[in-house]
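Protein chains in written order, with the working numbering: chain U, 1 to 115; chain D, 1 to 115.
In structure tokens form, the structure reads like this:
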């Protein structure tokens, strides 16, 4: 079974803090993704990576950065957390390069609250 | 721009009933469509993936259909059980535009199965 893990289920941070969210997958997947999920807005893509050290902006990258130094790990960084970044953050991975067979698998999510 | 719509936003049925969840998308140029289940406060669990060349996929009591030309997919749940209560999300992987491998999500249908 594909397993995607996220470092924390719940996180509480203060405004202005630097926040790291970690995601690890164990299936040698090429692609990894960070989404945020908000009531009424659904899931929105923040950043994704299709290879080590490669990244592309998604729909809402402002206020975030990412790092992928190893294939299995994809980190989301909030440089200076703000209250409007309070959300559920979901990491996903997919094999990549398989066209219609490419299936995304999600981690359990991190509920981040910024006070 | 690809948009995915799920109607209704919420559905309540008695246990044992067969039910259909609907998903529509605006652009038929897709690689595949995935159906997910999300329990409250949790991540997404992939239920079924339908490739663009397929018409349906089955897994246990679940059957998903795809009519790409009309931009519609349905998720059929047979003999519903209280354990099926969750939010069901559909997502498409567009062939063009957007981010490589990205999924475009609907906002989900919240299903409640009453004992």
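Ideal Cβ positions, reconstructed from N, Cα and C, are used throughout, including at glycine.
The model shown is predicted, which means the values in this text are computed figures rather than measured ones.
Nearest-angstrom Cα separation, counted from residue j out to residue i
i                      : j                      : result
residue 7 of chain D   : residue 13 of chain D  : 15 angstroms
residue 101 of chain U : residue 80 of chain U  : 38 angstroms
residue 20 of chain D  : residue 65 of chain D  : 11 angstroms
residue 120 of chain D : residue 1 of chain D   : There is simply no residue 120 of chain D to check, as chain D begins at 1 and stops at 115 in what is shown.
residue 39 of chain D  : residue 93 of chain D  : 23 angstroms
residue 83 of chain U  : residue 114 of chain U : 5 angstroms
Where residue i meets chain U, residues with beta-carbon distance less than 7 angstroms
i                      : result
residue 52 of chain D  : 100
residue 129 of chain D : Any question about residue 129 of chain D goes unanswered here, given that chain D covers just 1 to 115.
Interface partners of residue i on chain D, CB under 8 angstroms
i                      : result
residue 109 of chain U : 41, 42 and 43
residue 105 of chain U : 46
residue 90 of chain U  : 43 and 44
Contact with chain U by residue i, beta-carbon distance below 7 angstroms
i                      : result
residue 107 of chain D : yes
residue 102 of chain D : yes
Pair within 7 angstroms by beta-carbon distance, residue i and residue j
i                      : j                      : result
residue 55 of chain D  : residue 88 of chain D  : no
residue 68 of chain D  : residue 52 of chain D  : yes
residue 72 of chain U  : residue 24 of chain U  : yes
residue 47 of chain U  : residue 66 of chain U  : yes
residue 110 of chain U : residue 6 of chain U   : yes
residue 11 of chain U  : residue 112 of chain U : yes
Short CB-CB distance (under 7 angstroms) between residue i and chain D
i                     : result
residue 43 of chain U : yes
Contact list for residue i against chain U, beta-carbon separation under 9 angstroms
i                     : result
residue 32 of chain D : 99, 100, 101, 102 and 103
Contacts that residue i makes with chain U (C-beta to C-beta distance below 8 angstroms)
i                     : result
residue 72 of chain D : In chain order: nothing, as chain U lies at least about 18 angstroms away.
Counting pairs of beta carbons, one from the segment 99-114 of chain D and one from the segment 76-86 of chain D, are three or more of them closer than 8 angstroms?
-> A contact exists between the segment 99-114 of chain D and the segment 76-86 of chain D.
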